[in-house]
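Below is one structure, written out as structure tokens; comments come after it.
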Amino acid sequence: MNNVKYILGAILLMAASFIKADVKTDSIKYGPFASIKIYHPREKPVSLVLFVSGDGGWNGGVKIMAEKLAEQGAMVAGVDIRYYLKSLYKKKLACFYPAADFEQLSLMLQKKYRFPVYYKPVLTGYSSGATLVYGMLVQAPANTFKGALALGFCPDLKTWKQLCEGAGLKSHKMKERGTFYLERTTKLTAPFIALNGITDQVCPYEATKEFLSGMPEAQLVTLNKVGHGFSEQADWLPQFQAAFKKILDAPSFSQIKEGGNEILKRESPEKLPGNMPLAVIPSPDKSDVPLVFMISGDGGWTSFDQSLAEALAEKKLTVIGLDAQKYFWNAQSPAETASDISRAVVHYMQQYHKESFVLAGYSFGASVVPFVASRLSDELKHRLAGVISLSPDVTADFEVHVADMLGLGNDNEQYNVLNELKKIRKFHPLCCFGQEEDEAITKAFKKADTNVLILPGNHHFNDNYTLIAEKMFEHLTIK
């Protein structure tokens, strides 16, 4: 089937190559992607699209699709799937996790082109690229991507190694050598919209329809006059543009969670004035326990942070979560951060009638919270019931950045977390690490005479939210 994909893809590219759009382009090289084609909108971009080609490479047909997205205000990054997969084959990996590569690509592009805020990228793919973006959307934590558009989609992918399961992707080998079948999921938290033609001989329409039928957050758009080639724009472009707009207009992960929270609906707490990116996860229990203010990792407020907050809420702890990716997209100072968090803490302690609070953080946020604790006012320090850092590093940063950003440089000042922890000993800070994490970092914290707790698992503690919540609650009650 993959040979047929290549031939029909080539037909698409030749048929569409004569069409031009008034869109400026340039090219960059980054990481495993080789050369990436960048399509710029006329005005400042209002979204970012990561577009993966089919087996025919980055040529005529997908170029037209990318230009049409740029005309809708998106910056589009065109990725040639052939070169990307080839780079993965060179790595000695047990499985492939392209979601991480594409998230890093998104971060790099938005830093390089100076986006004033971070936009969750929209994944888009044609043919085999459509299959890959489905896999990435399923394997990534919730709130990593805004959604995915798939043109000419079917669930088999030619790759010599399996895609990693991540947040829930299941797949199995097919009889055809070097091909894996990506299975259905019920765990999508962002929209996946496939556009398939009735006359598609490569990805038969009825098979794709059956695959997507009843899948939460998934939609199949029927193209009556289209095969696998997408040759006539009039037969697919209006539906393509409408599908893209639908993804952009879809509610965010936090909005969906808040909208489905019955306690929030019933109590309707007053939101903090301003635009601080906060999530509110209330506990149904009204016991006199501290409020928890938790800062996410630099990937933002994902399913990990949300699930942990929900587990804490079951332990009677109401959680206010700060999306670090949004808040620290532009550089903050420790003093500015402490001031903003103090304002939020005071507001929500009043809303939930709390006398005390806890500062907690994960990964990026775990390294930040000691600096916040040491800069609180005397009044708030008297009300601080604890500091908990989940997987901190030995240094902190107050801006989200990408390592090795093609020589863009990183002049952000780094701050010594171990020294800062010494300043807040009276708050009994607890630092938790996964057993499989970097031993050198764990040893550095132990050597600094910090209260260290080792939990089973990796950087995500094997997603055992109940255990993490139990250990956090125990620390607050027995210290």
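If you use mature numbering (1 follows the signal peptide of the UniProt record, and there is no 0), the sequence shown corresponds to residues -21 to -1, 1 to 458, in order. Ideal Cβ placement from N, Cα and C applies to all residues, glycine included.
Enumerated in chain order, which unbroken segments of the beta strand (DSSP E) with a length of 3 residues or greater are wholly contained in the stretch 58 to 142? 101 to 105, 126 to 130, 135 to 137
Taking only three categories from DSSP, how would you classify M194? coil
Taking the alpha-carbon of K152 as reference, which of R163, G145, A146, T138 has the nearest alpha-carbon? T138
Where H207 sits in the DSSP three-state scheme: coil
Helix, strand or coil for F272? Go by DSSP, reduced to three states. strand
Taking buried to mean at least 16 other C-beta atoms within 10 Å of its own C-beta, is H326 buried or exposed? buried
Measuring CA to CA, which of S370, V259, D1 is closest to S286? V259
For F159, write down the residues that DSSP places opposite it in a beta bridge. L136, K152
Nearest by alpha-carbon distance to F307: which of V298, F171, S353, M255 is it? M255
Go to D5, then tell me how far its beta strand (DSSP E) extends in each direction, as first and last residue. 3 to 8
Would you kindly work out how many angstroms separate the C-alpha atoms of P195 and E237, rounded to a whole number? 18 Å
For N175, count the other beta carbons within 10 Å of its own beta carbon; 16 or more makes it buried, fewer makes it exposed. Which is it? buried
Using DSSP with H/G/I as helix, E/B as strand and the rest coil, what is F452? helix
Kindly indicate the opening and closing residues of the beta strand (DSSP E) around Y18. 14 to 19
Can you list, in chain order, the residues of its chain with a C-beta nearer than 6 Å to that of N443? Leave out the 5 residues immediately preceding and following it. none
Here's the rule: buried if 16 or more other CB atoms are within 10 angstroms of the residue's CB, otherwise exposed. What is L409? buried
Please list the terminal residues of the continuous alpha helix (DSSP H) segment that includes Y306. 303 to 306
Which two residues bound the contiguous beta strand (DSSP E) that contains L434? 430 to 434
Please report how far the alpha carbon of T165 lies from the alpha carbon of L136, in whole angstroms. 20 Å
Do V366 and V348 have their beta-carbon atoms positioned less than 8 Å apart in this structure? yes
Identify whether A45 lies in helix, strand or coil by the three-state DSSP scheme. helix
Residue of G10, Q51, K42, G40 minimising C-alpha distance to Y62: G10
For I(-11), collect the residues of the same chain with a Cβ closer than 6 Å to its Cβ; drop the 5 residues on either side in sequence, then sort them by chain order. Note on I(-11): pLDDT 43, under 50, position unreliable in the model; the coordinate value appears next. Around I(-11): G208.
Rounded to whole angstroms, what's the CA-CA distance from D302 to G52? Just pull it up for me. 25 Å
Exposed or buried, T374, counting other C-beta atoms within 10 Å across all chains shown (16 or more means buried)? exposed
Identify whether W37 lies in helix, strand or coil by the three-state DSSP scheme. coil
Cα-Cα separation, K295 to A13: 50 Å
Helix, strand or coil for M328, going by three-state DSSP, please let me know. helix
Inter-residue CB distance, A169 and F124 (contact presumed, cutoff 8 Å): 6 Å
For H454, which residues in the same chain have their Cβ closer than 7 Å to its Cβ, ignoring the five residues on either side in sequence? G365, I367, L409
Given this structure, state the Cα-to-Cα distance separating M44 from G33, to the nearest angstrom. 12 Å
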